[in-house]
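What follows is a single structure, written as structure tokens, with notes after it.
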Amino acid sequence: MKLNFLALGLMQILCVTSLSGQSQTEAFFENLLQTHDIPGLSVAIIENGKILYHAGHGVRANDTQVPVSTETIFSAASLSKLVFAYAVMKLVEAGDLDLDKPLHEYWEYPDLEHDERYKRITARRVLSHSSGLPNWRRGQLATEFEPGERFQYSGEGFVYLMKVVEHLQGQEINQLAEELVYQPLGMTNTSYTWEDRFEENYAAPHDFTGFTLAKRKRSESNVAYSLQTTAEDYAKFMVAVMNGEGLKKKNTRTMLSGQIPVTEEGNLFWSLGWGIQKTEMGKAIWQWGDNGTFKAFTMAYPEKGKGVVFLANTENGLRIVPEVVKYVFSDEECPAFDWMDYQVEDAPHQALLKSILQKGYDKAIVEFLHENQVHHDTTLISQSRMRRVGDRLMQEKRYADAQKVYLSNVLAFASFEAYVQYADACLQSGEVAEAKSYYQKAIALKPGNERVQTVLDQLTPATNQANVEFRLNEGRYRHARLITLVGDFNNWEPITHLFSKQNGEWICRIALPPGTYHYQVVIDGVWTLDPENPHTGRNDQGRVCSVLMVP
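If you read the sequence shown in the working numbering, its first letter stands for residue 979, the second for the next number, and so on.
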């Protein structure tokens, strides 16, 4: 009887301790949300090779305030690559793929046939990010150095290997991942493509100010970044990797062995999929994810049975990495985060934007001015980042503040891009004469630029050779600042084909060859059907549009 009482007492103590730990962990993550302006997190912690904690924190979207649950779907960004790497190792184990056989011998990649070096790309080199390919192409895809020579992070390499695997297996990659990874590991809320069932419970993305954005719901798999999942599901995958489940020991060892150095200091390497970090605590495997407005991070010490994964629905998500690593692993060191080079607080352009939103441009800019007191300090805020500030203000319809931001770029750089951005903002504020002046400055720097010349032609009706005319009743839109036309004919560019007020009407004249066109009218940033045209239809993207037939 005494033994029973002792056992019961011990169980009660363990239960209280566990609840206390859970409460402490909840408080830790809730605090991170507040201090780093993070709307929502999906988190899982692994201890002794098992999932100790998994939870949703915060909200799915700031504009709805619906709480994150354990089943809320997040974008895993580049954590997608690790699931694919595990599936590839299963194919290697089954004898379906050789890590060191050139991939072109399995399947010729049309995008790289012009590049002789690509014939030396192997699965090992793709998974260890030493294929020589860029992260993402700009123009024609090509290797940038001899495959295997050094480390260079590459999403393109993973896309190439994905296509090879699909060719070999005769299956779309998400179907294959379902068979090799999701089902065996019980990952019931995971997919490389968007599924209708996710609509009920998914996290929306946010920019660094907390502004809620629309989520892209991808219908095609991309193993480099498209995985949709929860922290609990992803932790199941991590447990399998850490415990060597689903692969023979030698293949798990190969997968988690350093293949190529990342830094000269010798503390970071890349294995087959995972990054490797070495500190006094030992060897950790890790990966980060950055899809812009979704961030993710995972790290584990397989030999210690400890790990963590979190998914965040904000640009600010990776700021918490050092604190999470310290909390979960009691480790002050994190060379992985140092190498990633992310900031843990607002960058100057972010601080400026937040300040403008609070108190307006004139007051906010004071602490960011160059010593000439004319424009912003370009050593703090670059032209591209100042543009981001302006773009965000335009989204908020803070047109006057946005114009001043773009004008600061004009005064600091006097570049073609700065002139066009400022002119576009002037147009959207209804300041046509000012806009025309700066488009003319831009075209002087790049004569013949098609976009700018098209706008200038629209602003000078007498020079505009047109065979199609669009009319809107001016009385219905008397307070509109800017009305434009977008469609198949201008690649849906919102500022090229302008309406102008003429004799009580808004009129737009353009030259179009014979054919059928889908289009919409944009009124002060709002896209809508042409109220004067009853003919509608869906374009190639499924968008309902007005339809014009030019004989």
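Heads up, the beta-carbon is just placed ideally off N, CA and C, and yes, glycines get one too. Here the structure is a predicted model, which is why all the values come from computation and not from measurement.
Along the alpha helix (DSSP H) that carries residue i, what are the first and last residues, could you check?
i, result
"Asp1015", "Where Asp1015 is concerned, there is no enclosing alpha helix (DSSP H), given that its DSSP letter is neither H nor E."
"Val1499", "Unbroken run through Val1499 is the beta strand (DSSP E), Gly1493 to Ile1501; no alpha helix (DSSP H)."
"Trp1248", "Here Trp1248 belongs to no alpha helix (DSSP H); instead the beta strand (DSSP E) covers Leu1246 to Trp1248."
"Lys1341", "Tyr1339 to Ala1342"
"His1092", "Unbroken run through His1092: none, as it is neither H nor E."
"Trp1317", "Pro1313 to Met1318"
"Leu1060", "Ser1058 to Glu1071"
"Lys1414", "Val1410 to Leu1423"
"Ala1572", "Since the displayed the chain opens at 979 and closes at 1529, residue 1572 lies outside it and no answer follows."
"Leu1154", "Ile1151 to Ala1155"
"Lys1141", "Gly1133 to Gln1147"
"Leu1385", "Tyr1377 to Phe1391"
"Val1219", "Ala1209 to Met1220"
"Ala1101", "Ala1101 to Leu1105"
"Val1367", "Gln1361 to Gln1373"
Within the continuous beta strand (DSSP E) that includes residue i, where are the two ends?
i, result
"Phe1448", "Val1446 to Asn1451"
"Thr1257", "Gly1253 to Thr1257"
"Lys1289", "The sequence as given places Leu at residue 1289; Lys does not occur at that position. Start and end: Lys1284 to Ala1290."
"Tyr1455", "Premise fails: Tyr1455 is in no beta strand (DSSP E) and is neither H nor E."
"Val1504", "Val1504 to Thr1506"
Using the three-state DSSP reduction, which class does residue i fall into: helix, strand or coil?
i, result
"Met1527", "strand"
"Thr1230", "helix"
"Asp1268", "strand"
"Cys1404", "helix"
"Ser1478", "strand"
"Met1121", "Residue 1121 is actually Thr in this sequence, not Met. Coil, per DSSP."
"His1513", "coil"
"Glu1483", "strand"
"Trp1114", "coil"
"His1184", "strand"
"Glu1004", "helix"
"Val1201", "coil"
"Tyr1084", "coil"
"Phe1052", "strand"
"Leu1463", "strand"
"Asp1435", "helix"
"Pro1162", "helix"
"Ile1298", "helix"
"Ser1169", "strand"
"Glu1428", "helix"
"Ala1489", "coil"
"His1327", "helix"
"Glu1178", "helix"
"Gln1519", "coil"
"Lys1261", "strand"
"Leu1347", "strand"
"Ile1029", "strand"
"Gly1224", "coil"
"Ile1473", "coil"
Buried or exposed, going by whether 16 or more other CB atoms sit within 10 Å of the CB of residue i?
i, result
"Ser1047", "exposed"
"Val1217", "buried"
"Ser1197", "exposed"
"Ser1204", "buried"
"Leu981", "Note that Leu981 scores a pLDDT of 47, beneath 50, so its modelled location is shaky; the value from the coordinates is reported in the next line. With fewer than 16 other Cβ atoms within 10 Å, it is exposed."
"Asn1009", "exposed"
"Trp1266", "buried"
Determine the closest residue to residue i out of the options, with distance taken between C-alpha atoms.
i, options, result
"Ser1393", "Arg1363, Lys1424 and Ser1407", "Lys1424"
"Gly1270", "Ala1403, Leu1296 and Leu1075", "Leu1296"
"Arg1516", "Ala1390, Ala1420, Tyr1495 and Pro1509", "Tyr1495"
"Gln1118", "Asn1291, Gln1237 and Glu1091", "Glu1091"
"Ile1151", "Val1066, Pro1088 and Trp1085", "Val1066"
"Asp1211", "Tyr1497, Ala1054, Phe1448 and Ile1016", "Ala1054"
"Ile1024", "Glu1281, Gly1465 and Glu1510", "Glu1281"
"Leu1105", "Met1527, Val1367, Leu1077 and Trp1114", "Leu1077"
"Asp1015", "Ala1033, Thr1438 and Glu1293", "Glu1293"
"Gln1519", "Asn1469, Arg1115 and Asn1221", "Asn1469"
"Val1142", "Gly1110, Leu1158, Asp1316 and Thr1100", "Thr1100"
"Cys1486", "Leu1246, Thr1462 and Asp1466", "Thr1462"
"Pro1529", "Pro1492, Val1500, Phe1288 and Val1504", "Pro1492"
**Prompt:** Does the pairing of the stretch 1055–1071 with the stretch 1246–1254 give three or more beta-carbon distances under 8 Å?
**Reply:** yes
**Request:** Report yes or no: do the stretch 1466–1476 and the stretch 1424–1433 share at least 3 C-beta pairs separated by less than 8 Å?
**Result:** yes
**Request:** Please confirm if the stretch 1126–1135 is in contact with the stretch 1158–1170, defined as three or more CB-CB distances below 8 Å between the two stretches.
**Result:** no
**Request:** Report yes or no: do three or more beta-carbon pairs, one from the stretch 1328–1335 and one from the stretch 1371–1389, lie closer than 8 Å?
**Result:** yes
**Message:** Assess contact between the stretch 1302–1310 and the stretch 1067–1085, defined as three or more Cβ pairs (one per stretch) separated by less than 8 Å. Is contact present?
**Reply:** no
**Message:** For the pair the stretch 1445–1453 and the stretch 1396–1413, tell me if three or more CB-CB distances fall below 8 Å.
**Reply:** no
**Segment contact flag, the stretch 1235–1244 with the stretch 1174–1188, C-beta cutoff 8 Å, min 3 pairs** = no
**Message:** Does the stretch 1385–1405 come into contact with the stretch 1338–1357, if we say contact requires no fewer than three beta-carbon pairs (one atom in each stretch) closer than 8 Å?
**Reply:** yes
**Item:** Inter-stretch contact at 8 Å, needing at least 3 Cβ pairs: the stretch 1021–1036 / the stretch 1241–1250
**Value:** no
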